[in-house]
Amino acid sequence: FSNVARLTVPFTTDSRAIHDRLRYAQSKGRTALLDAVYLAMDSMKNARHSRRALLVLSDGGDNDSRYTQTEMRNRMRESNLWIYAMGLYDGHTSFLPEETGAGQKLLEVMSEETGGRHYVVERLAELPDVAGRIGLELRNQYVLGYRPSDTRRDGKYHRVQVKVAPGRQLTVSWRPGYYGRSEERRVGKECRSR
């Protein structure tokens, strides 16, 4: 995307097609990051698998989108996908130093709204490592859900405990509107979400 977001390679298992398109991509003009994320979210509706993640590689700059941050936050909250952002801020962008914080904040918000994660990439050489960590996290991710019984459907928050066997590591992420907390206990790690 530049000032216009467009889909150049539809869903494919051919990594060479993606690589070829990226090789000839040119960044110029204004930036419509939110429009690109909107288009990607629409495209994800046609994904074959129910678990979906969107990887955004950007400096977070947006100066030409039709959609506002508020509209996108609402849409992201309703989506059924995780956004993982790889932020390139230091020396890779044309951002003025005072604009860098706004771009980073935008990518952080997009990730947090969907339960994804934001990674700051200091050097371009780190990109493969960060992408590998994201892939590993997605492959080893479990989703826990809670549905109250008919007698507990009162519209209030409920405490849910998840106990993990001793010696196991648990990383917790959640969408806004829910609360999570990890505590060390003798029985292992425990996460309470409301």
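All residue numbers for the sequence shown refer to this note's numbering, where the first residue is 266 and numbers rise by one.
Note that beta-carbon positions come from the ideal geometry of N, C-alpha and C, so glycine has one too.
*Do residue 407 and residue 381 come within 8 Å of each other at the CB atom, strictly closer than that value?*
no
*Does DSSP put residue 433 in a helix, a strand or coil?*
Judged by DSSP in its simplified three-state form, residue 433 adopts coil rather than helix or strand.
*With DSSP run on the structure shown, which of helix, strand or coil describes residue 384?*
strand
*Roughly how many angstroms separate the alpha carbons of residue 438 and residue 401, rounded to a whole number?*
Their Cα atoms are separated by approximately 15 Å.
*Have a look at the DSSP bridge pairing and note the partners of residue 267.*
According to DSSP, residue 267 shares a beta bridge with no other residue.
_Residues that DSSP places opposite residue 351 in a beta bridge_ = Note: residue 351 sits in a beta bridge opposite 322, 384.
*Hey, residue 267 and residue 292: beta-carbon distance below 8 Å or not?*
yes
*Runs of alpha helix (DSSP H) wholly within the region 268-335 (minimum 4 residues, chain order)*: Entirely contained in the region 268-335, the alpha helix (DSSP H) runs reaching 4 residues are, in chain order, 280-288, 298-309.
_Using C-beta distances below 6 Å, list every residue in its chain close to residue 299, excluding the 5 sequence neighbours before and after it, in chain order._
327, 330, 332, 337
*Starting from the Cα of residue 288, find the closest Cα among 295, 280, 302 and give me that residue.*
280
_Sequence-distant residues of the same chain with beta carbon closer than 6 Å to residue 347, five excluded per side_ = 318, 379, 380, 381
*Can you grab the Cα-Cα spacing for the pair residue 277 / residue 423, in whole Å?*
42 Å
_Same chain, Cβ closer than 7 Å to residue 403, five either side skipped, listed in chain order_ = 318
*Sequence-distant residues of its chain with Cβ nearer than 7 Å to residue 282 (five each side left out)*: Its chain contains 274 as the residues whose beta carbon lies nearer than 7 Å to that of residue 282, once the 5 sequence neighbours on both sides are disregarded; these appear in chain order.
*What is the DSSP secondary structure of residue 460, reduced to helix, strand or coil?*
An answer regarding residue 460 cannot be provided, because it is not within the stretch 266 to 459 covered by the chain.
*Indicate the three-state DSSP secondary structure (helix, strand or coil) for residue 410 in the structure shown.*
coil
*Residues in its own chain within less than 8 Å of residue 466 by CB, not counting five upstream and five downstream?*
Because the chain here runs from 266 to 459, residue 466 falls outside it and cannot be looked at.
*Element boundaries [alpha helix (DSSP H), containing residue 398]*: Run containing residue 398: 392-404, per the alpha helix (DSSP H) assignment.
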